[in-house]
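Structure (structure tokens):
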């Protein structure tokens, strides 16, 4: 009997932090999505240095940024350029009549090292309009989390023109980056204890004991001796009181709850915490006493077919409609389900468009590397049937969650993209469309490909891909096995489905520093739903556009938009198209023997209108 074991994983993202005090000298949350008036920057970087936007606009493959609304960020990972002098500079501050001042801001900074180089994030000040800078504080990194930083500005009190600079220095190497948000300069006054953030371990098994932690900071001038924090979520609540403190101005204190938080289902949750009873009563600024975190629960499943256990992640938004679509996302060779879940960000698209998404985990090959069995030359002794596994898991998820069996789609990267071609050939009745990213159609799969239904295909592929060669490798010089070029792979399905070229063009080159552009070709049936699309990344490497590599398109979003155009009902291969349109009936060799289309071979293409074309397949 088939059995599914599920455990929930919880990822927590901080909401934006706002600071209130009696006297605010500067406050900027970057909500406009552009560099604010009065702010300036200095940079040697070719990508423009500090840029404004949301996390999805500013992050890259090796430096994902936790959501925090609009922010400012400088990304060395995505640029790999000279970011040794990246300064984000505040407007001039007049502190001539100020007796006390504090700088507070949210910071996302890893503090990483790579190949002997270290990144450094500092806050500095200038009294001469930015000509010279003096160190105020060096930040410590905290990988994967937003931190709230508070810095005393006593050293510049009495100065009439103070610029503060947020400087990122990549040390001359290829590092990560720095993001900031919610910058506030304030003059402390009275009793003001602020709850500046909530966080968690990030990913936990649930139900379980989860340490919900947070931090408070004294933004006033009165000493804080005690406070109480309450939390609530989905009807559950808890409370803890902290005393025995002596928090002076700009000093902080961290607390934690040790509670079992009831994340019982995949979806989105909201956890709220609030400060009460500061020194036994109310403080002067109640507006900064509460914070919320958005919690996303993701199921970790173990699927059993009676012999083997196979793992997967599954996410379905809480507000997804009943009978919603399902998207499978397959990782690449040596990759894993968690990794592609992070960089593809299909969970975000699921939230936006209301579908479920599953990230299966491949098995390990003889070298101990995760893989999908698509018949690589060095996998000839591997016998795992991944088509059967995916098919069985598909049925299990549909039955368990009430998903739409007629709207199941597949996408993946590299080896996972290759699996998409295999599914299009061998499971055409189960997958309505596929979107391989940097994938190849193995010659052995091509030679046996005889789907019952036409499966629409979107391939996104770089011309400079040095792993899955755009030009193909029919002689197996790279060791993967024989496979045709990307255009020939598209021609194979175009010929099989009887499609014609309906549209070609290019996407706007909106990001020039990625040194690549995107062209497209779209084959179809005069607007009918069976389609084959090819997005060619000119100059692009082995990448997932939007995550790393080309930034003109978002591969994940393009895949989903392609899926939405799939037929409501599948069309059989060989099924007549609408009246007036000819469709491929059969392909024969020059001796009249029916064969499958193969690139580079002279064949006879016979169509539904009685016409016959003699041509080399793929040309």
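Numbering (my numbering), first residue to last: 68 to 686.
Beta carbons: idealized from backbone N, C-alpha and C, even for Gly.
Integer Cβ distance of residue i from residue j, believed to fall under 8 Å
i           : j           : result
residue 264 : residue 251 : Residue 264 to residue 251, Cβ: 14 Å. No contact.
residue 573 : residue 587 : 7 Å
residue 545 : residue 609 : About 12 Å separates the two Cβ atoms, so there is no contact after all.
residue 634 : residue 499 : 7 Å
residue 424 : residue 396 : 6 Å
residue 520 : residue 640 : 7 Å
DSSP state of residue i mapped onto helix, strand, coil
i           : result
residue 578 : coil
residue 486 : helix
residue 125 : helix
residue 30  : Since the first residue of the chain shown is 68 and the last is 686, residue 30 is not available in this structure.
residue 556 : helix
residue 354 : helix
residue 447 : coil
residue 301 : coil
residue 602 : strand
residue 407 : helix
residue 389 : coil
residue 626 : helix
residue 638 : coil
residue 247 : strand
residue 198 : coil
residue 467 : helix
residue 571 : strand
residue 210 : coil
residue 414 : helix
residue 460 : helix
residue 215 : strand
residue 226 : coil
residue 441 : coil
residue 432 : coil
CA-to-CA distance, residue j to residue i, given in whole angstroms
i           : j           : result
residue 363 : residue 461 : 22 Å
residue 469 : residue 290 : 56 Å
residue 669 : residue 568 : 21 Å
residue 348 : residue 292 : 11 Å
residue 248 : residue 128 : 21 Å
residue 630 : residue 539 : 26 Å
residue 230 : residue 165 : 15 Å
residue 183 : residue 236 : 14 Å
residue 617 : residue 187 : 27 Å
residue 338 : residue 132 : 21 Å
residue 626 : residue 415 : 14 Å
residue 434 : residue 624 : 34 Å
residue 163 : residue 143 : 37 Å
residue 619 : residue 123 : 13 Å
residue 210 : residue 581 : 25 Å
residue 515 : residue 368 : 33 Å
residue 169 : residue 294 : 22 Å
residue 240 : residue 112 : 13 Å
residue 262 : residue 356 : 5 Å
residue 154 : residue 203 : 14 Å
residue 288 : residue 256 : 5 Å
residue 350 : residue 176 : 31 Å
residue 467 : residue 428 : 19 Å
residue 303 : residue 331 : 12 Å
residue 592 : residue 513 : 22 Å
residue 480 : residue 409 : 13 Å
Residue closest to residue i, alpha-carbon to alpha-carbon, out of the options
i           : options            : result
residue 403 : 136, 601, 482      : 482
residue 589 : 136, 599, 143      : 599
residue 341 : 324, 256, 525      : 324
residue 151 : 224, 122, 245, 96  : 245
residue 497 : 477, 228, 186      : 477
residue 320 : 330, 309, 328, 329 : 309
residue 522 : 564, 193, 121      : 564
residue 393 : 519, 625, 472      : 472
residue 299 : 173, 328, 559, 177 : 328
residue 407 : 485, 307, 218, 614 : 614
residue 139 : 234, 228, 159      : 234
residue 280 : 628, 120, 296      : 296
residue 130 : 212, 195, 104, 91  : 212
residue 508 : 524, 520, 519      : 524
residue 607 : 591, 543, 535, 205 : 535
residue 258 : 285, 201, 242      : 285
residue 334 : 322, 386, 354      : 386
residue 688 : 632, 315, 454      : Since the first residue of the chain shown is 68 and the last is 686, residue 688 is not available in this structure.
Closer than 8 Å to chain B by CB, residue i
i           : result
residue 609 : In the displayed structure, chain B is absent; only one protein chain is listed.
Task: 3-residue-minimum beta strand (DSSP E) runs that sit fully inside the segment 166-195, ordered along the chain - done: 169-176, 187-193
Task: Runs of alpha helix (DSSP H) wholly within the segment 495-557 (minimum 4 residues, chain order) - done: Secondary structure remark: continuous alpha helix (DSSP H) runs of at least 4 residues inside the segment 495-557, in chain order: 510-514.
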